[in-house]
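Here the structure comes first, spelled out in structure tokens, and everything after it is commentary.
Okay, structure coming up:
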């Protein structure tokens, strides 16, 4: 992985609220350890609560100012790697430790009466503590970023594997439809092959994210193919209001929902049924609802493997996106699958 990408991941971790919480908690733990450690000499050593309070004050100021400085310098550090961020962090911690410790000790203790040699020893002691804490913190950050990257790679590998299984399944179903139509309705084969060409192109060459309108056009082509196959048994109702902002969604995200609706709501019943597609904005998110009538005997428990893989892959792809999800529900009369994708302002 390039050094710039790795450093960007580290800086992104520092911006998370959870990082701030952990830093504050770790600072309090370190202050408690220092307060419980026997401290020779006069001054603040006589009261552990006072010592704890001042140590906590100093540690929190050092930690939070170091974090704030790193965030202010993130553009300069973005091009470097782990070493540059480590050096910057340790340097900032050392400088801030000397500054804040000096202010606290001068204001609240009697250390200003110490000799130069005692001041040097105290400064070295504080510098050593800051160095060790900084190294431990950077090691923890390094491990956290590596684990996060490994999880993301594993997630992406799972998505790629599922997508690779969905596309052949989708194309296989469409080819089966084409073979059936060649014998039953040869006059419509030309239009079918044109639609099939568009579907192939989308499945094999489309980017990860496509415009919503392009995905709708692709879904219409798929339903045109199925309409030729099922005739009047397939009834489709569209509800497509105008969107306030351009929207991009994962490629072939509508396709698995339509396949599932056709398989369970149309294919398994002699009289067919209705499929409803409603797309709109709701509560700051794009909402895509696909519903199909449930057959009189209820949903079949024997769901085809391809359809199960298709919905599983779609759910996994959406969960990898921020603010995206897939929910399915049935009230006995209708089966509804809902995709929600957060709209960025």
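In our numbering, the protein residues as written are 0 to 344.
Glycine is no exception: its CB is placed at the ideal position from the N, C-alpha and C atoms.
Worksheet item: Does the region 187 to 199 come close enough to the region 232 to 240 that 3 or more CB-CB pairs lie under 8 Å?
Response: no
Fill in: Inter-residue spacing [alpha-carbon to alpha-carbon] between residue 180 and residue 343
43 Å
Item to complete: Report the rounded CA-to-CA distance for residue 97 versus residue 28, giving the unit in angstroms.
Response: 21 Å
Practice prompt. Could you have a look at residue 345 and say whether DSSP puts it in helix, strand or coil?
Written response: Residue 345 lies beyond the range of the chain shown here (0 to 344); nothing can be said about it.
Worksheet item: Grouping DSSP H, G and I as helix and E and B as strand, with all else coil, what is residue 188?
Response: helix
Worksheet item: Closest by CA to residue 207, which one among 243, 274 and 252?
Response: 252
Item to complete: Assuming residue 293 and residue 331 form a contact by the criterion Cβ under 8 Å, report the distance between their Cβ atoms to the nearest whole angstrom.
Response: 6 Å
Worksheet item: If you run the structure through DSSP and keep just helix, strand and coil, what is residue 244?
Response: coil
Worksheet item: Can you tell which of 183, 249, 69 and 274 has the C-alpha that lies nearest to the C-alpha of residue 84?
Response: 69
Item to complete: Return the bridge partner residues of residue 324 from the DSSP annotation.
Response: 339
Worksheet entry | beta strand (DSSP E) segment containing residue 285, residue limits | 284 to 292
Practice prompt. May I ask you to report which of helix, strand or coil DSSP gives residue 271?
Written response: coil
Fill in: Candidates 228, 92 and 245: closest to residue 182 by CA position
228
Worksheet item: Taking the continuous alpha helix (DSSP H) assigned at residue 208, which residues delimit it?
Response: Counting along the chain, residue 208 falls outside any alpha helix (DSSP H), though it belongs to the beta strand (DSSP E) covering 208 to 210.
Worksheet item: For residue 327, which residues from the same chain have a beta carbon less than 8 Å from its beta carbon, with the 5 sequence-adjacent residues on both sides left out?
Response: 310, 334, 335, 336 and 337
Worksheet item: Cβ of residue 66 within 8 Å of Cβ of residue 22?
Response: yes
Discussion item. Let's test the definition: count the other Cβ atoms within 10 Å of the Cβ of residue 261 and tell me whether it reaches 16, buried, or not, exposed.
Written reply: buried
Fill in: Residue interval of the alpha helix (DSSP H) (run including residue 250)
Careful: residue 250 lies outside any alpha helix (DSSP H) and carries neither H nor E.
Discussion item. Going by DSSP, what residue range makes up the alpha helix (DSSP H) through residue 71?
Written reply: 47 to 71
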